[in-house]
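Undergrad: Once you've had a glance at the structure underneath, I'll fire off some questions.
Numbering (our numbering), first residue to last: 9 to 217.
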């Protein structure tokens with residue numbers, strides 16, 4: 009599998025309360041050019057949503073987010089998750105993610121956490137919460153001393169700020185929710201989701217070129 013950071017410039021971060029919405033939502037995101045989809049384990053419907061996307065949307069690369077325990081790692085992979093994302097990490101969680109056999113992004117927000125992961129052979133990470141933890145200025149400042157680390161910043165990123173992140177040499181992609189507005193999800197307006205996904209993909213690519 010291609011590096012998770014190179015799958016697409018934007019990874020939609022999805023919170024689903026009804027697993028029945030998973031397949032049409034995933035199809036809309038894929039059609040809009042965003043095939044890597046992070047379904048967060050914040051709701052009881054999450055694992056069923058991952059299972060449905062994995063089974064019925066073959067062009068999607070579905071993953072699990074908010075993975076914070078080894079048990080969640082096992083459940084996510086069993087449901088069909090093809091990557092794992094955590095907001096932070098411990099040695100036990102890291103060991104479980106490494107043993108899962110799928111790509112993973114452990115979360116970091118400090119230089120010490122980045123260095124600790126580099127010591128353990130991990131070079132691709134989630135930077136979270138991106139805006140609250142220092143945003144583009146922070147990532148730019150650590151690119152010099154830690155050029156081997158690459159990030160997927162997530163947390164507070166918008167359509168307007170995404171290109172600034174993507175212009176940084178140590179950012180491979182960003183995670184966001186702006187292409188998933190609450191009113192569109194409530195109305196099951198998948199055409200609008202597809203259009204916003206296409207804008208997100210095109211915006212990021214054009215600004216980065």
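Positions of the beta carbon are idealized from the N, C-alpha and C atoms, including for glycine.
Pick helix, strand or coil for residue 80, following the three-state DSSP scheme.
TA: In the structure shown, residue 80 sits in a helix (DSSP, three-state: H, G or I).
Undergrad: By DSSP, does residue 187 sit in helix, in strand, or in coil?
TA: Here residue 187 sits in coil by DSSP.
Undergrad: Roughly how many angstroms separate the alpha carbons of residue 29 and residue 152, rounded to a whole number?
TA: Distance between the alpha carbons of residue 29 and residue 152: 43 Å.
Undergrad: Fully enclosed by the region 142-212, which alpha helix (DSSP H) runs are 4 residues long or longer?
TA: List check, alpha helix (DSSP H) in window: 143-151, 170-174, 190-195.
Undergrad: List the endpoints of the continuous beta strand (DSSP E) containing residue 21.
TA: Start and end: 18-22.
Undergrad: When DSSP builds the beta bridges, which residues end up paired with residue 113?
TA: Bridge partners of residue 113: 93.
Undergrad: Can you tell me where the beta strand (DSSP E) with residue 47 in it begins and where it stops?
TA: Counting along the chain, the beta strand (DSSP E) containing residue 47 begins and ends at 44-48.
Undergrad: When the Cα atoms are used, what is the spatial distance from residue 132 to residue 44?
TA: In a straight line, the C-alpha of residue 132 is about 16 Å away from that of residue 44.
Undergrad: Please report the distance separating the alpha-carbon of residue 128 from that of residue 147.
TA: Each residue's Cα considered, the two are about 20 Å apart.
Undergrad: Take the Cβ of residue 96 as the centre, count every other Cβ of all protein chains shown within 10 Å, and call the residue buried at 16 or more, exposed below.
TA: Exposed is the call here.
Undergrad: Taking just the CA atoms, how far does residue 195 sit from residue 186?
TA: C-alpha separation (whole angstroms): 16 Å.
Undergrad: Using a 10 Å radius around the Cβ and a threshold of 16 neighbouring Cβ atoms, would you call residue 140 buried or exposed?
TA: So residue 140 ends up on the exposed side.
Undergrad: What's the gap between the Cα of residue 125 and the Cα of residue 100?
TA: Distance between the alpha carbons of residue 125 and residue 100 is about 13 Å.
Undergrad: Tell me where the beta strand (DSSP E) around residue 72 begins and ends.
TA: It spans 69-73 - the beta strand (DSSP E) in which residue 72 sits, taken as one unbroken run.
Undergrad: Considering only the beta carbon of each residue, do residue 122 and residue 104 sit closer than 7 Å?
TA: The answer is no: Cβ separation not under 7 Å.
Undergrad: Whose CA, out of 90, 189, 107, lies closest to the CA of residue 65?
TA: Out of 90, 189, 107, 90 has the C-alpha closest to the C-alpha of residue 65.
Undergrad: Does the beta-carbon distance from residue 61 to residue 70 come in below 7 Å?
TA: Yes, these two residues count as a Cβ contact at 7 Å.
Undergrad: From residue 25 to residue 119, what does the alpha carbon distance come to, in whole angstroms?
TA: Computed Cα separation, rounded: 35 Å.
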